[in-house]
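Here is the structure we will look at, set down as structure tokens.
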Amino acid sequence: MCSAEWLNNVQANIRNIQAECIAILKATGFTPDDTKDGQLWEAIQAAIKSQVPAASVTAAGITQLSSSVASDSETIAATSKAVKIAMDNASARLAKERNLADLTNIPMARQSLELGDSATRNVGTTANTVAAGDDSRIIATKKALDDTQIGSSEQAVMWIASADDLSNLPAGARRFAKNNAGVTVLPSADYCYIEVLAKRDTAGGTCISVVEFSNPGNVWIGVRNNVPVDAGFTWVQQYNENHRPPQQAMPSIPDALVRGNNLSDVPNKAAGVSNLGLTDTVNRASHVDTDGDVQGYVWGGWLSTWLNNQLAARTTADWVRQNFLSGFRLGGVESAQVWRAYGYNDTPPYVITGVMNGNADDLIDNVTRRPLQMYINGWRNIDWL
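Residues in the sequence shown are numbered consecutively from 5, following our numbering.
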């Protein structure tokens, strides 16, 4: 720094420049120091930092650069790198105004949306098209469902006016039906559940099952094989508890016995008895009375008479006393002294009834015994039994 006293008028421009520099130093808070050479640069840097504003969307200024593509700042400027990333991302996106025409793999897009084959087919009424509302495929299916009424939660009464009403029903059709007044097409005058079991290949042939509403046990199968040759249905009722096969269905079988005759229609009864092994029993039937008594020479006449005679002879008190056991007892007592010698053998029907010691030693002195007796027309020992 050079003081003004050293500068003349010729050097006025130098003096002015020096004044400007001093003004910059003072404006930025520096005190001029002629011993320092870098003050002006430091003052300029300070002035830039404090005097130049940051850039914004409303004012110019210094701005910071960034390569981020996720920032939403309005004071940071994007670098070329950030711009490139954004452009690359935009190139990978679908343009709304192109209406998906910019898809790179359309089949993969359909697969991702799980559209299936229908997405590539036009609506129409021919094969390989998505069925339109007037497509015969839909119309036929709807008609079949309407005709059969499969899946219906309830059905209106079908009033039958003619056999054709039934013949015109498709296979599988089910109805809740009743004859019109004066009409006898259905086999019952009651309300009926009907089902078309099958259709013939031609001539409108139809087979129908009918279940009576009030009595479900009444079931018929009806057939009309040829329309209009057959004027109506031929009905066959299934057998049940109240509708049984007629009992006269088998009388025409030759050489057959009728169950209700109980063998009275056997032509040769003697041969029939012999075949059953009953000849001897039948021959002896004349020896049996109606009360069950049996007659034979072994008994000398009727068995009941022989038995009465035998029992009468054996039912007197004397006969009973002479032949039946009526009591037991012990007989009179017998006593014997014990000694060291041969004694009594084991002799029935005696039983030892007493053993006695008459002194203070340890030996037996006497024994007593009695015979066991029974009463059969008098008391007797039972040793003979």
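Idealized CB from N, CA, C, for every residue including glycine.
| Query | Result |
| --- | --- |
| Pair within 8 Å by beta-carbon distance, Val-342 and Asn-370 | yes |
| Minimum length 3: unbroken beta strand (DSSP E) runs contained in the segment 143 to 218 | 161 to 164, 178 to 183, 196 to 203, 210 to 216 |
| Status (buried if at least 16 other CB within 10 Å, exposed otherwise) for Ser-72 | exposed |
| Buried or exposed (CB count within 10 angstroms, at least 16 for buried), Trp-224 | buried |
| Cβ pair Gln-299, Trp-306 closer than 8 Å | yes |
| Which residues DSSP lists as bridging Gln-341, in chain order | Asn-370 |
| Burial state of Ser-171, where buried means 16 or more other Cβ atoms lie within 10 Å | buried |
| First through last residue of the beta strand (DSSP E) which encompasses Asn-266 | First-last for Asn-266: undefined, no H or E at that position. |
| Residues bridged to Ser-60 (per DSSP) | Bridge partners of Ser-60: none, in fact. |
| One or two residues paired with Ser-70 in a DSSP bridge | Ala-82 |
| Nearest residue (CA-CA) to Ser-157, options Ile-80, Arg-178, Ser-218, Gly-296 | Arg-178 |
| Cβ-Cβ distance between Asp-106 and Leu-98 below 8 Å | yes |
| Integer Cβ distance of Asn-246 from Gly-221, believed to fall under 8 Å | 7 Å |
| Check whether Ala-86 and Thr-67 have beta carbons under 8 Å apart | no |
| Span of the beta strand (DSSP E), counted from its first residue to its last, around Trp-239 | 238 to 241 |
| Backbone secondary structure at Val-324 - three-state DSSP | helix |
| Assigned secondary structure, Asn-312 (DSSP; H/G/I helix, E/B strand, else coil) | helix |
| Which of helix, strand or coil DSSP assigns to Asn-385 | strand |
| Alpha-carbon spacing of Asn-313 relative to Tyr-379, whole angstroms | 27 Å |
| Beta-ladder partner(s) of Gln-299, from DSSP | Trp-306 |
| Cα-Cα separation between Val-161 and Gly-226, rounded to whole angstroms | 20 Å |
| For Thr-152 and Val-231, the rounded distance between their alpha carbons | 21 Å |
| Lys-203 versus Pro-174: straight-line alpha-carbon distance, rounded | 7 Å |
| Beta-carbon proximity of Thr-357 to Val-337, cut-off 8 Å | yes |
| Beta-carbon spacing of Ala-59, Ala-31 below 8 Å | no |
| Check whether Ile-164 and Ala-181 have beta carbons under 8 Å apart | yes |
| Spatially closest choice to Ser-330 from Asp-284, Ala-316, Asp-366, Gln-377, by CA coordinates | Gln-377 |
| Closest residue to Phe-391 among Asn-272, Asp-269, Pro-191 (Cα-Cα distance) | Past the boundaries of the shown model lies residue 391; the chain is included only from 5 to 389, so the question cannot be answered. |
| C-alpha gap between Ala-27 and Ser-75, whole angstroms | 41 Å |
| Per-residue burial, Thr-419 [other beta carbons within 10 Å of its own, 16 or more giving buried] | As shown, the chain starts at 5 and ends at 389. That puts residue 419 outside it, with no answer to give. |
| CA-to-CA distance, Cys-25 to Phe-34, given in whole angstroms | 11 Å |
| Ile-386 versus Ala-317 - alpha carbon distance | 27 Å |
| Between the CA atoms of Ile-48 and Gly-65 - distance to the nearest angstrom | 17 Å |
| Residue(s) in a DSSP beta bridge with Met-360 | Asn-370 |
| Candidates Thr-79, Ala-23, Trp-45, of which the one nearest Pro-57 by Cα | Thr-79 |
| Arg-333, enclosing beta strand (DSSP E) - first and last residue | 332 to 334 |
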